[in-house]
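Going down the list, the sequences are from chains A and B. So the first sequence is numbered by this note's numbering: it starts at 24 and just counts up by one. So the second sequence is numbered by this note's numbering: it starts at 209 and just counts up by one.
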Amino acid sequence: MNVTIVDYKSGNISSVINSFREVAKEKVNIEVTSNPNKIKSSDKIVLPGQGSFKSCVEALNNIDGLSDTLNEFTLINKKPLLGICVGLQMFADIGYEETETKGLGWISGKVSKIDNQDGKFKLPHIGWNEITIVKDSKIFKDIENNSHMYFVHSYEFVPNDKKVISATTDYSTKVVCSVEKENIFGTQFHPEKSDKSGLKIIDNFISL
Amino acid sequence: MLKNRIIPCLDVKNGRVVKGINFVDLKDAGDPVEQAKIYSDGGADEICFLDITASNENRDTIYDAVKKTSKKCFVPLTVGGGVRSVEDINKLLNCGADKVSINTAAVENSKVVIDSSKKFGSQCIVVAIDAKKNGDKWEVFTHGGRKNSGINALTYAKEMEENGAGELLVTSMDRDGTQVGYDIELMSKISSKVNIPVIASGGVGNLDHLVDGIKLGKASAVLAASIFHYGKHSVKEAKDYLDSKGIPVRI
C-alpha cells in the first residue's frame with residue numbers, strides 16, 4: 024500500500040513524515056510528494072497544513088494540477104484522505120484568515136477565528152486538550168473519549184452539517200476538532216505530535 | 209479543558225546533552241534522543257533543547273541532534289540557542305523541530321520574527337525574553353544574558369506579539385540558576401499584557417514553584433531544567449503534584 028503525504032511547500036511537515044514512517048514501519052510505503060501522477064496512484068492521502076488558510080490554499084493552487092488531482096482522488100475515486108490542522112480547514116468552502124479565501128469546498132462550511140471572549144482565552148489555542156468524541160469515527164478505533172491531543176491554532180472549522188463532526192474540544196466554545204464525511208477525515212489537532220494516542224490515530228488511518 | 213504544560217529543558221552542547229538525567233540504567237547520558245525519550249515517556253508535554261554550543265564550527269551538531277530526536281519523539285520539540293536568521297529557523301524546522309525560539313536575533317532585528325512568522329506560521333515562532341529587574345522595570349538582555357539592551361521587557365513582549373510570535377518564553381535573569389522560584393511579578397505582568405501564551409522560566413527549585421508559576425504568574429506553561437535532572441523529580445511527580453493543587457494537567 025502507498026500512503027502519500029502531500030508536500031505542497033506550505034510549512035514544516037517533517038513531524039508528519041516522521042510519525043507516519045514510525046507507524047508504517049516496513050508494511051506501508053510512505054511517499055512525500057506534490058506530483059499529481061504519484062498522488063493519483065496512491066491508496067491514501069495525507070494533507071497537512073501549517074500557517075494561514077490563505078497561504079495554504081495559495082500554495083496548493085501554485086502547483087499545476089494539484090487541486091484537480093485532489094478533487095478527483097477524494098470526490099470521484101472516493102479514496103481515503105486525512106487532513107491535519109489547516110489541511111482539515113481547507114475542506115471548507117471559505118476561510119476568513121487574513122482575507123476571504125475560497126477553500127476546497129469538500130465539506131460545506133466556513134473557517135473563522137475562535138471567539139476569545141474579549142481576551143479571556145489566549146490565542147493561539149496551544150497545548151494539550153481533551154477531545155469529546157461525538158460520533159464513531161474509523162480513525163478513533165481504540166481511542167478513549169477525553170483523550171488528550173496536541174493543538175496549535177487560532178481558527179476553527181464550522182461545518183454547516185453538524186453530522187460530519189466526530190469530535191469537539193472545549194476552548195472558549197465547543198471547537199470542532201475532528202470530522203468524518205464518507206472517505207474524508209480531518210483532525211484540527213496534530214496526531215503526529217500527540218504521543219501514543221496520536222500515533223494510534225495515524226495507525227487507524229493507515230489501516231483503513 | 210486546555211491543560212497547563214510542563215516542559216523540561218535540556219542543554220545541548222556540540223550535539224550532546226550536558227547536565228541531563230543521570231540514571232544508572234541510562235546507556236548514554238549524553239544522547240539527546242535517549243534523554244528526550246525519557247521525558248516524553250514520562251509525560252512531558254513538550255521538550256525543549258537549548259543549544260549552548262560555543263564555537264561556530266560545531267553549530268551543525270544541533271541539526272543532527274534534532275533530526276535524530278524528532279524521529280523517535282512524538283511530542284512537540286522546541287529548539288533555541290544561537291538562532292540568527294530565517295534560514296536557521298528553516299533548517300531547524302526541516303530537521304524536525306516543531307517550534308524555534310529566537311532570542312538575541314529578535315532584539316537586534318525584529319524582521320526575523322515578522323518574516324519567519326509569515327513564512328512558517330506563528331505557531332512555530334517562540335520569542336525568548338531574558339529579563340532582569342532594574343528599579344521598578346525589567347530590561348531585556350541578549351547574548352545569553354551578557355548584554356543589556358535597555359529595552360523595557362513589557363513593551364517588548366507586546367511588540368513581539370504584534371510581530372507574529374506565537375508564544376513567549378520568559379526567563380528571569382535574576383532568578384535563573386538560583387532555585388528560589390520564578391519571578392512571579394514579571395510573569396504575571398507579561399502574561400496579563402499579551403494575549404499569546406507565556407512560558408515561565410528561570411529559578412525553579414521545587415514543585416511549589418511550578419504551581420506558583422501557573423497560579424500566580426498566570427503562565428500557560430512552565431519550563432524547568434535542573435529539578436528534572438539527576439532524578440530529583442520526575443515529570444510524572446510534577447504533574448501529580450500540580451493536579452493535587454487543582455491545576456489542570458495532562459495525566
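Yeah, the Cβ is synthetic: ideal placement off N, Cα and C, and Gly gets one too.
Inset, instruction - Can you give me the Cβ contacts of B:Met-209 inside the same chain, cut-off strictly under 7 Å, excluding the 5 residues immediately before and after it? - result: Hits under 7 Å: Pro-456.
Inset, instruction - For B:Lys-423, collect the residues of the same chain with a Cβ closer than 8 Å to its Cβ; drop the 5 residues on either side in sequence, then sort them by chain order. - result: Answer for B:Lys-423: Lys-453, Ile-455, listed in chain order.
Inset, instruction - Can you give me, in chain order, the residues of the segment 400–418 of chain B that have a beta carbon less than 9 Å from any beta carbon in chain A? - result: Per Cβ criterion, the list reads Val-402, Asn-403, Ile-404, Pro-405, Val-406.
Inset, instruction - Please state whether DSSP places A:Ile-130 in a helix, a strand or coil. - result: Note: A:Ile-130 maps to coil in three-state DSSP.
Legend entry - Closest Cα partner of A:Ser-177 within the set A:Asn-58, A:Asn-35, A:Phe-76: Measuring from the Cα of A:Ser-177, the nearest candidate turns out to be A:Phe-76.
Legend entry - For A:Arg-44, the three-state DSSP class (helix, strand or coil): DSSP places A:Arg-44 in helix when its eight states are reduced to three.
Inset, instruction - Return the chain-ordered list of same chain residues with a C-beta closer than 7 Å to the C-beta of A:Pro-147, the five sequence neighbours on each side being excluded. - result: Excluding residues within five positions, the ones whose Cβ falls inside 7 Å are Val-175, His-176, Ser-177.
Inset, instruction - With hydrogens ignored, establish whether the beta-carbon of A:Phe-212 is closer than 7 Å to any heavy atom of the ligand SAM. - result: The ligand SAM is absent from the structure shown, which contains no ligands of any kind.
Inset, instruction - Consider the Cβ of A:Asn-35: report whether some Cβ of chain B lies at a distance smaller than 8 Å. - result: Cβ-Cβ to chain B under 8 Å: yes for A:Asn-35.
Inset, instruction - If I'm right that A:Ile-53 touches A:Arg-44 with Cβ under 8 Å, what's the distance once you round it to whole angstroms? - result: With a contact defined as Cβ atoms closer than 8 Å, A:Ile-53 and A:Arg-44 qualify at about 5 Å.
Legend entry - Of the residues B:Lys-366, B:Gly-290, B:Trp-346, the one placed nearest B:Ile-310, counting alpha carbons only: It is B:Gly-290.
Inset, instruction - Taking the CB atoms as reference points, tell me whether A:Val-69 and A:Val-29 lie closer together than 8 Å. - result: Between A:Val-69 and A:Val-29, the CB-CB gap stays under 8 Å.
Inset, instruction - Spatial neighbours of B:Lys-211 within its chain, please: CB distance less than 6 Å, with the 5 preceding and 5 following residues excluded, ordered by chain position. - result: Answer for B:Lys-211: Pro-456, Val-457, Arg-458, listed in chain order.
Legend entry - Sequence-distant residues of the same chain with beta carbon closer than 6 Å to A:Pro-182, five excluded per side: By the criterion of a C-beta distance shorter than 6 Å, A:Pro-182 is surrounded in its chain by Ile-130, Gly-132, once the five residues flanking it on both sides are discounted.
Inset, instruction - Leaving aside the five residues before and after A:Val-46 along the sequence, list all residues of the same chain whose C-beta is less than 7 Å from its C-beta, in chain order. - result: Result list for A:Val-46: Leu-222, Ile-225, Asp-226, Ile-229, in chain order.
Legend entry - Endpoints, the beta strand (DSSP E) within which A:Ile-107 is located: A:Ile-107 -> beta strand (DSSP E) spans 104–107.
Legend entry - Boundaries of the alpha helix (DSSP H) in which A:Val-198 is found, first to last residue: Taken as a continuous stretch (DSSP letters only), A:Val-198 belongs to no alpha helix (DSSP H), being part of the beta strand (DSSP E) at 196–204.
Inset, instruction - Tell me, please, which residues DSSP counts as bridged to A:Ile-28. - result: For A:Ile-28, the beta-bridge partners assigned by DSSP are A:Val-55, A:Val-69.
Inset, instruction - Check whether the Cβ of B:Arg-292 lies closer than 8 Å to any Cβ atom in chain A. - result: Cβ-Cβ to chain A under 8 Å: no for B:Arg-292.
Legend entry - Under the three-state DSSP convention, the category B:Ile-333 falls into: DSSP, read as helix, strand or coil, puts B:Ile-333 in strand.
Inset, instruction - Report yes or no: is there a C-beta of chain A within less than 8 Å of the C-beta of B:Gln-331? - result: Among the residues facing chain A, B:Gln-331 is included, as its CB has a counterpart in that chain under 8 Å away.
Inset, instruction - Give the C-beta separation of B:Ile-404 and B:Leu-362 to the nearest angstrom, bearing in mind that I take them to be a contact with Cβ-Cβ under 8 Å. - result: Incorrect: roughly 14 Å between the Cβ atoms, too far for contact.
Inset, instruction - Examine chain B for any beta-carbon lying closer than 8 Å to the beta-carbon of A:Glu-153, and answer yes or no. - result: At least one chain B Cβ lies under 8 Å of A:Glu-153.
Legend entry - Where A:Pro-71 meets chain B, residues with beta-carbon distance less than 9 Å: None at all; the shortest Cβ gap to chain B is about 12 Å.
Inset, instruction - Compute the Euclidean distance between the alpha carbons of B:Cys-303 and A:Ala-190, then round it to the nearest angstrom. - result: Cα to Cα, the separation comes out at about 31 Å.
Inset, instruction - Helix, strand or coil for B:Cys-281, going by three-state DSSP, please let me know. - result: Correct three-state label for B:Cys-281: coil.
Inset, instruction - Would you kindly work out how many angstroms separate the C-alpha atoms of B:Arg-213 and B:Val-378, rounded to a whole number? - result: Taking the straight line joining both Cα atoms gives about 15 Å.
Legend entry - Those runs of the beta strand (DSSP E) which lie wholly inside the segment 371–425 of chain B and span at least 3 residues: With a minimum length of 3 residues, the continuous beta strand (DSSP E) runs that stay inside the segment 371–425 of chain B are 375–380, 406–409.
Legend entry - B:Lys-444, DSSP secondary structure in three states: Looking at B:Lys-444 - three-state DSSP - the assignment turns out to be helix.
Inset, instruction - Could you tell me how far apart the beta carbons of A:Ser-57 and A:Glu-215 are, in whole angstroms, since I believe they sit closer than 8 Å? - result: The pair is not a contact, with the Cβ atoms about 19 Å apart (cut-off 8 Å).
Inset, instruction - Please confirm if A:Asp-165 has its CB atom under 8 Å from at least one CB of chain D. - result: No chain D is present in this structure, whose protein chains are A and B.
Legend entry - Proximity of A:Ser-220 and A:Glu-179 at Cβ, strictly below 8 Å: Between A:Ser-220 and A:Glu-179, the C-beta spacing is not below 8 Å.
Inset, instruction - Determine the closest residue to A:Asp-62 out of A:Ile-40, A:Lys-50, A:Gly-88, with distance taken between C-alpha atoms. - result: Reading the sequence as shown, one finds Ile at residue 62 of chain A and not Asp. Minimum Cα distance to A:Ile-62 is reached at A:Gly-88.
Inset, instruction - Reducing DSSP to helix, strand and coil, say where B:Ala-244 ends up. - result: In the structure shown, B:Ala-244 sits in a helix (DSSP, three-state: H, G or I).
Inset, instruction - Can you give me the Cβ contacts of B:Val-320 inside the same chain, cut-off strictly under 7 Å, excluding the 5 residues immediately before and after it? - result: Result list for B:Val-320: Ser-293, Val-294, Ile-310, Ala-313, Ala-314, in chain order.
Inset, instruction - With 8 Å as the threshold, decide whether the Cβ of B:Asn-302 is near any Cβ in chain A. - result: Yes, B:Asn-302 counts as interfacial toward chain A.
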